[in-house]
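Student: Before anything else, here's the structure in question.
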Ligand SMILES: [Zn+2]
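Residue numbers (the working numbering), protein chains in the order written: chain P, 309 to 390; chain B, 1449 to 1921.
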């Protein structure tokens, strides 16, 4: 159960090259977590490739970064009182 | 009967053989989710799970509790009842305690979560073994914490202070996403804060005794206090302590208390997340919480809830508060209602047992269930059974459906009603037909079928039930 070399540059979900280290294991060297700054998907280096590898991530859960701004806001932001 | 905190409840579970401590090494994903799923799959009498050897955390320090109320024995123990108490008896006990609302609160200023305070360098992942629950959740979630907020237009109103459970995506070390739907009390708080151009202060209390968790899932009226309801349900004053920065009242016994604020006007992509319908809910842009302060006991236990296709722990924690709520609302107008079992996917399907006053009466009761407040989002399928059919005994309900229900006469379909948008069958999302299936015995003036020669219980059956129950102990 050691940290292995996994994808740390491309988001498995939205394919953006906008990934940074989220955190590392309290016991050093066990795992690293990454997060995508574009779609906020996060993963851990010890997870299976379906969670960490852009090619193995299932198509029905993929997202296009261009679609993110038009995703509905819930709840909508109300107008300010005057 | 009241538990001071999660640890005392876990001790009680342990004494009753309802806690499984697992100290072999596990990975954060997928081991703990799989274990919780497996427990729910195997039995409705299963134990809570406690993991203390999680890869990446010091053995004994990083601890995760799952499925604490995820079975009928654990639910009974939550109520201080014998673990073998039947579901029907738990229902009537819960309904009786509800009448004691509002119960008293006990204010204390010496909470155990004051042991350690973090205001800088906050990293929730170091403190708690957070992990992905289902394979295609967008990340790690907190889904069993009590979230406390106040009405910004009436901040001193204790009753309007809300304690609720909302799904929370851990987006960064000190940044969270939250789903405060407009229909929820916290949604109203946020709307008012944003209208004022202010952030909404929130406190997030993790790792609690089970009653406040159960009550936080109750659809109470806007100005009803969850703490006063928790006091009624546990039959003892509910202990609360003020969080230092926000002044919000939080449970005295929590493992961890997070203070922060929902940022006004901000919406950011959140989800997908595997939901209680057994389906993922897609991505939405939702509000964000910035964390300012974390207070915790030393070596806190991360109490978590596996969520997915029913049944999971959430179905137990919501079972009776949903059922009793509907029962009380229906009973107020129709005293003939004997019991309500609305524990299927939070009441999307419900079973009502009722003594018919005249032909067609049960159908009216079924349609009324759809128009009480909870029914506007649930009660898609309502099954009516006679008052002597136990709605919690599905074998009896299926018997009634199979021999009393006539598809031509006993089906009432009402088109295009409202339902929660998470119902994957709704089309468009949030709109559905609803149906009443009347499996009561027809009575005058509705005379049809051949129901006059029922095979009753042999004399003395009730006495023998008690004898045999005693012998099985
Ligand atoms: Zn991404």
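Positions of the beta carbon are idealized from the N, C-alpha and C atoms, including for glycine.
Bear in mind the structure is a predicted one, so any value in this text is a computation, not a measurement.
Kindly list, in the order they appear in chain B, the residues whose Cβ is closer than 7 angstroms to that of residue 386 of chain P.
Tutor: Position 78 of the first chain, counted from the start, is the residue given in the question as residue 386 of chain P. Residues of chain B passing the Cβ test: 1639, 1642 and 1643.
Student: Determine whether the beta carbon atoms of residue 1678 of chain B and residue 1660 of chain B lie at a separation below 7 angstroms.
Tutor: Here residue 1678 of chain B refers to the residue found at position 230 of the second chain. Here residue 1660 of chain B refers to the residue found at position 212 of the second chain. Going by C-beta atoms, residue 1678 of chain B is nearer than 7 angstroms to residue 1660 of chain B.
Student: Under 8 angstroms Cβ-Cβ, which residues of chain B neighbour residue 381 of chain P?
Tutor: Mapped onto the first chain, residue 381 of chain P falls at position 73. The contacting residues are 1715, 1732, 1733 and 1734.
Student: Quick one: what's got a C-beta closer than 6 angstroms to residue 1487 of chain B's C-beta in the same chain, skipping five residues either side?
Tutor: Along the second chain, read from residue 1 onward, the residue named residue 1487 of chain B stands at position 39. If we look at residue 1487 of chain B and ignore the five residues flanking it on each side, its Cβ neighbours are 1494 and 1515.
Student: Mind checking whether the beta-carbon of residue 321 of chain P lies closer than 6 angstroms to any heavy atom of ligand 1?
Tutor: For the purposes of this step, residue 321 of chain P is taken as the residue at position 13 of the first chain. The answer is yes for residue 321 of chain P.
Student: Can you find the residues in the same chain that come closer than 6 angstroms, C-beta to C-beta, to residue 1680 of chain B, ignoring five residues on each side of it along the sequence?
Tutor: Counting from one through the second chain, the residue named residue 1680 of chain B turns up at place 232. The answer, listed in chain order, is 1545, 1548, 1549 and 1551.
Student: Quick one: residues in its chain with C-beta nearer than 6 angstroms to the C-beta of residue 310 of chain P, no 5 flanking neighbours on either side, listed in chain order?
Tutor: The residue given as residue 310 of chain P occupies position 2 in the first chain. Unreliable positioning characterises residue 310 of chain P in this predicted model, as indicated by a pLDDT of 44, which lies under 50. A coordinate reading is not provided.
Student: What residues in the stretch 1748–1782 of chain B bring their beta carbon closer than 9 angstroms to a beta carbon of chain P?
Tutor: Per Cβ criterion, the list is empty.
Student: So which of B:1783, B:1721, B:1735 and B:1769 has the shortest CA-CA distance to residue 1757 of chain B?
Tutor: As a first step, residue 1757 of chain B must be located in the second chain, where it is residue number 309. Answer by Cα proximity: B:1721.
Student: Name the residues in the stretch 1809–1825 of chain B whose C-beta lies less than 9 angstroms from a C-beta of chain P; which are they?
Tutor: Per Cβ criterion, the list is empty.
Student: Looking only at DSSP bridge pairs, what is residue 1752 of chain B linked to?
Tutor: Taking the second chain and counting its residues from 1, the one referred to as residue 1752 of chain B is at position 304. Answer by DSSP bridge pairing, in chain order: B:1514.
Student: Please list the partners that residue 1699 of chain B has in chain P, where partner means a Cβ-to-Cβ separation under 9 angstroms.
Tutor: Position 251 of the second chain holds residue 1699 of chain B. Within 9 angstroms Cβ-Cβ: nothing; residue 1699 of chain B doesn't reach chain P, min ~26 angstroms.
Student: Would DSSP call residue 311 of chain P helix, strand or coil?
Tutor: Reading the first chain from its first residue, position 3 is the one you call residue 311 of chain P. Confidence is the limiting factor: at residue 311 of chain P the pLDDT is only 48, short of 50, which leaves the residue's position unreliable, though a coordinate-based value still follows. DSSP places residue 311 of chain P in coil when its eight states are reduced to three.
Student: Can you tell me whether residue 1827 of chain B sits near ligand 1, meaning its C-beta is under 6 angstroms from at least one heavy atom of the ligand?
Tutor: Here residue 1827 of chain B refers to the residue found at position 379 of the second chain. Not under cutoff, so the answer is no.
Student: Verify the CB distance criterion: does residue 1584 of chain B have a CB-CB separation below 7 angstroms to chain P?
Tutor: Translated into positions along the second chain, residue 1584 of chain B becomes position 136. It does: the Cβ of residue 1584 of chain B has a partner Cβ on chain P nearer than 7 angstroms.
Student: Using a Cβ-Cβ distance cut-off of 7 angstroms, determine whether residue 316 of chain P contacts chain A.
Tutor: Annotation note: the requested chain A is absent from the structure, which comprises protein chains P and B.
Student: Where does the unbroken beta strand (DSSP E) through residue 1837 of chain B begin, and where does it stop?
Tutor: Looking up residue 1837 of chain B in the second chain gives position 389. Per DSSP, residue 1837 of chain B belongs to no beta strand (DSSP E) and is neither H nor E.
Student: How would you write the range of the alpha helix (DSSP H) that residue 1634 of chain B sits in, first residue to last?
Tutor: What you label residue 1634 of chain B is simply residue 186 of the second chain in a count that begins at 1. Per DSSP, residue 1634 of chain B belongs to the alpha helix (DSSP H) from 1633–1644.
Student: Have a look at the DSSP bridge pairing and note the partners of residue 1708 of chain B.
Tutor: Along the second chain, read from residue 1 onward, the residue named residue 1708 of chain B stands at position 260. According to DSSP, which records beta bridges pairwise, residue 1708 of chain B is partnered with B:1650 and B:1739.
Student: Thinking C-beta only, is residue 340 of chain P closer than 7 angstroms to residue 327 of chain P?
Tutor: On the first chain, position 19 is the one that residue 327 of chain P refers to. On the first chain, position 32 is the one that residue 340 of chain P refers to. No, these two residues do not count as a Cβ contact at 7 angstroms.
Student: DSSP has residue 341 of chain P in a bridge; who is on the other side?
Tutor: As a working mapping, residue 341 of chain P is identified with position 33 in the first chain. For residue 341 of chain P, which the question treats as bridged, DSSP gives the partners P:331 and P:352.
Student: May I have the straight-line CA-CA distance separating residue 389 of chain P from residue 1821 of chain B, to the nearest angstrom?
Tutor: Against the first chain, residue 389 of chain P aligns to sequence position 81. Against the second chain, residue 1821 of chain B aligns to sequence position 373. Rounded to the nearest angstrom, the two C-alpha atoms are 29 angstroms apart.
Student: Give the DSSP-derived three-state secondary structure of residue 381 of chain P in the structure shown.
Tutor: Residue numbering aside, residue 381 of chain P sits at position 73 when the first chain is read from its first letter. Of the three classes helix, strand and coil, the one that applies to residue 381 of chain P here is strand, per DSSP.
Student: Which whole runs of the beta strand (DSSP E) in the stretch 1821–1890 of chain B are 3 residues long or more, in chain order?
Tutor: Listed in chain order, the complete beta strand (DSSP E) runs (minimum 3 residues) inside the stretch 1821–1890 of chain B are 1829–1834, 1859–1866 and 1879–1886.
Student: In three-state DSSP terms, what is residue 1498 of chain B?
Tutor: Within the second chain, the letter at position 50 stands for residue 1498 of chain B. Looking at residue 1498 of chain B - three-state DSSP - the assignment turns out to be strand.
Student: Residue 357 of chain P CB to nearest chain B CB: under 7 angstroms?
Tutor: Within the first chain, numbered from 1, the residue matching residue 357 of chain P stands at position 49. So, not an interface residue.
Student: CB of residue 374 of chain P to nearest heavy atom of ligand 1: below 6 angstroms?
Tutor: What you label residue 374 of chain P is simply residue 66 of the first chain in a count that begins at 1. No; taking the cut-off as 6 angstroms, the Cβ of residue 374 of chain P has no heavy atom of ligand 1 nearer than that.
Student: Is residue 1465 of chain B helix, strand or coil when you go by DSSP?
Tutor: The residue given as residue 1465 of chain B occupies position 17 in the second chain. Coil at residue 1465 of chain B, not helix or strand.
Student: Please list the terminal residues of the continuous beta strand (DSSP E) segment that includes residue 1535 of chain B.
Tutor: Looking up residue 1535 of chain B in the second chain gives position 87. Note, residue 1535 of chain B: premise wrong, no beta strand (DSSP E); alpha helix (DSSP H) at 1535–1546.
Student: Is any heavy atom in ligand 1 found nearer than 6 angstroms to the beta carbon of residue 1524 of chain B?
Tutor: Along the second chain, read from residue 1 onward, the residue named residue 1524 of chain B stands at position 76. No, since every heavy atom of ligand 1 falls outside the 6 angstroms radius drawn around the Cβ of residue 1524 of chain B.
Student: Identify which residue in B:1814, B:1464 and B:1750 has its Cα closest to the Cα of residue 1828 of chain B.
Tutor: On the second chain, position 380 is the one that residue 1828 of chain B refers to. Selected option, being the one with the closest Cα: B:1814.
Student: Expressed to the nearest angstrom, what Euclidean distance is found between the alpha-carbon atoms of residue 1880 of chain B and residue 1817 of chain B?
Tutor: Within the second chain, the letter at position 432 stands for residue 1880 of chain B. Within the second chain, the letter at position 369 stands for residue 1817 of chain B. Going from the Cα of residue 1880 of chain B to the Cα of residue 1817 of chain B covers about 15 angstroms.
Student: Using the C-alpha atoms, what's the distance from residue 1654 of chain B back to residue 1500 of chain B?
Tutor: Residue 1500 of chain B sits at position 52 when you count from the first residue of the second chain. Residue 1654 of chain B sits at position 206 when you count from the first residue of the second chain. So the two alpha carbons sit approximately 17 angstroms from each other.
Student: Do three or more CB pairs link the stretch 1468–1475 of chain B to the stretch 1527–1544 of chain B at distances below 8 angstroms?
Tutor: Cβ pair count under 8 angstroms is below three, so no.
Student: List the DSSP bridge partners of residue 1610 of chain B.
Tutor: For this step, residue 1610 of chain B is matched to residue 162 along the second chain. BP columns for residue 1610 of chain B point to B:1597.
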